[in-house]
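Below is one structure, written out as structure tokens, with a few remarks after it.
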Amino acid sequence: MPAESVTWGAQRQRNITWHDPAPSTAAGLAQPGLDYLTAMLNGELPPPPINGLTNMELVEVVPGRAVFTCEPGEWGYNPIGTVHGGIVCTLLDTVCGCALHSVLPAGRGFTSVEIKVNYLRPVHASSGMLTATGTLVKAGSRMGFTEGVVTDSQGKVVATATSTLLISDLPQ
2 MPAESVTWGA QRQRNITWHD PAPSTAAGLA QPGLDYLTAM LNGELPPPPI NGLTNMELVE
62 VVPGRAVFTC EPGEWGYNPI GTVHGGIVCT LLDTVCGCAL HSVLPAGRGF TSVEIKVNYL
122 RPVHASSGML TATGTLVKAG SRMGFTEGVV TDSQGKVVAT ATSTLLISDL PQ
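Each step along the sequence shown adds one to the number in the working numbering, with nothing skipped, and position 125 is 126.
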């Protein structure tokens, strides 16, 4: 019997599925950001593949504000037994970007230039549902500035972020 079978614990598995992102992306190019995000929220368009990978779900969007939830699990643990900060950062990057995208007209998009994350407490599978809220601070013609906050199921803030985003024309 291999040593790892005795000391590594039971092996776990996770199945991830997603829809081809090309049709949804094409639809998004033809409509304002708020309409695109609302179509995802209402189930008229599928979520992007990253949502399945990270257990994220868009739960609210209004102009200048986006809210996602994320169910953390041991699948995201780092070597010291907490959810990897990159998962929390991905959640923050998502809500910050979507807050900006919600005010952009059709044909305009964004890319993150910088995100600064403050991790305030560890996240575990037992932390329960995380809720992340992104808020627009300012949208100019070329740059956008947003803020994000993540809370756990107890309402405790686990991380915050500020983000700078480059606004540009989307490729047709």
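Note that beta-carbon positions come from the ideal geometry of N, C-alpha and C, so glycine has one too.
Proximal residues to residue i (C-beta, below 8 Å), its chain only, five neighbours per side dropped
i: V118; result: G86, V89, C90, L93, A160, T161 and A162
i: G10; result: none
i: R109; result: G34, I168, S169, D170 and L171
Same chain, Cβ closer than 6 Å to residue i, neighbours up to 5 away in sequence not counted
i: T152; result: T132 and V158
i: T136; result: R66, A100 and E148
i: M144; result: none
Euclidean distance between Cα positions of residue i and residue j
i: G34; j: V104; result: 6 Å
i: P123; j: I81; result: 11 Å
For residue i, the nearest candidate out of the options (CA to CA)
i: Q173; options: P64, Q32, A126 and Q12; result: Q32
i: L167; options: C97, E72 and S128; result: C97
i: G74; options: S142, M130 and S164; result: M130
i: Y37; options: V150, V62, S113 and T18; result: V62
Endpoints, beta strand (DSSP E) assigned at residue i
i: L137; result: L131 to A140
i: L59; result: M57 to V63
Host alpha helix (DSSP H) of residue i (start-end)
i: G44; result: No alpha helix (DSSP H) contains G44, which DSSP labels as neither H nor E.
i: T95; result: G86 to H102
i: T147; result: Element bounds for T147: not the alpha helix (DSSP H) but the beta strand (DSSP E), M144 to T152.
Which residues DSSP lists as bridging residue i, in chain order
i: E115; result: T165
Proximity test, residue i beta-carbon vs the ligand NAP heavy atom, cut-off 7 Å
i: C90; result: In the structure on display, the ligand NAP does not appear, and there are no ligands present to speak of.
Residues near residue i by beta carbon distance below 7 Å, same chain, minus five either side
i: G53; result: I17, T18 and W19
i: S154; result: S128, G129 and M130
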